[in-house]
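Input: a single structure, listed below in structure tokens.
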DNA sequence: ATTCTGACAGCAA
DNA sequence: TTTGCTGCCAGAA
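In our numbering, the protein residues as written are 326 to 449.
Dropping the structure here:
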């Protein structure tokens, strides 16, 4: 199949032939500043709606990527920061989110509905 | 090849 | 509404 040139730049639409982890990283990179999405939403966007857990597993290794993967912008369906223990300090994820103007209360994104960004419907 | 695991999500209660 | 149980699938503890 045709390659889209020699682009190795991050933040671009996931390609079909990329392995799952890489596609997860790319979608995660598309999440706008100050917005969040869920593991399941990413999985659905990648055409594998039952692989939400694997998305989390991929993000667990995202720090190995050569470019910045805003993994803190991915929370669970309820808007809870279930992955916070995978950041250096258990409060790091919340701090990163607050730095983007989000409000976190009791490990949940306040106004999650409004801040939620679904790649399946909002990516253009 | 097989088995186990997990940053989940759907559904029943 | 929230909690607990179960199925899911891509990697590797």
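All residues carry an ideal CB built from backbone N, CA and C; glycine is no exception.
Query raised in the report: Skipping 5 residues on each side, what residues in its chain have a beta carbon closer than 7 Å to that of residue 419?
Result: 406, 409, 429
Requested in this report: Using 10 angstroms around the beta-carbon of residue 352, count the other beta-carbons present and answer buried if the total reaches 16, otherwise exposed.
Outcome: So residue 352 ends up on the buried side.
Report task. Look at residue 363 and residue 394 and say whether their C-beta atoms are less than 9 Å apart. Result -> no
Query raised in the report: So, helix, strand or coil for residue 441, using DSSP?
Result: strand
Query raised in the report: Considering only residues of the same chain and omitting the five flanking positions on each side of residue 369, which have a CB-CB separation below 7 Å?
Result: 445
**Report entry** Alpha-carbon spacing of residue 373 relative to residue 356, whole angstroms
**Finding:** 18 Å
Query raised in the report: Considering only C-alpha positions, which residue in the set 347, 447, 346, 441 is nearest to residue 398?
Result: 441
Report task. Give the straight-line distance between the Cα atoms of residue 438 and residue 389, rounded to the nearest whole angstrom. Result -> 31 Å
Requested in this report: Measure the C-alpha to C-alpha separation of residue 381 and residue 347 and round it to an integer number of angstroms.
Outcome: 13 Å
Requested in this report: Can you tell me which of the three DSSP states residue 428 falls into?
Outcome: coil
Query raised in the report: Between residue 359 and residue 427, which are expected to be in contact by the criterion C-beta below 8 Å, what is the C-beta distance as a whole number of angstroms?
Result: The C-beta separation of residue 359 from residue 427 comes to about 6 Å, placing the pair in contact by the 8 Å criterion.
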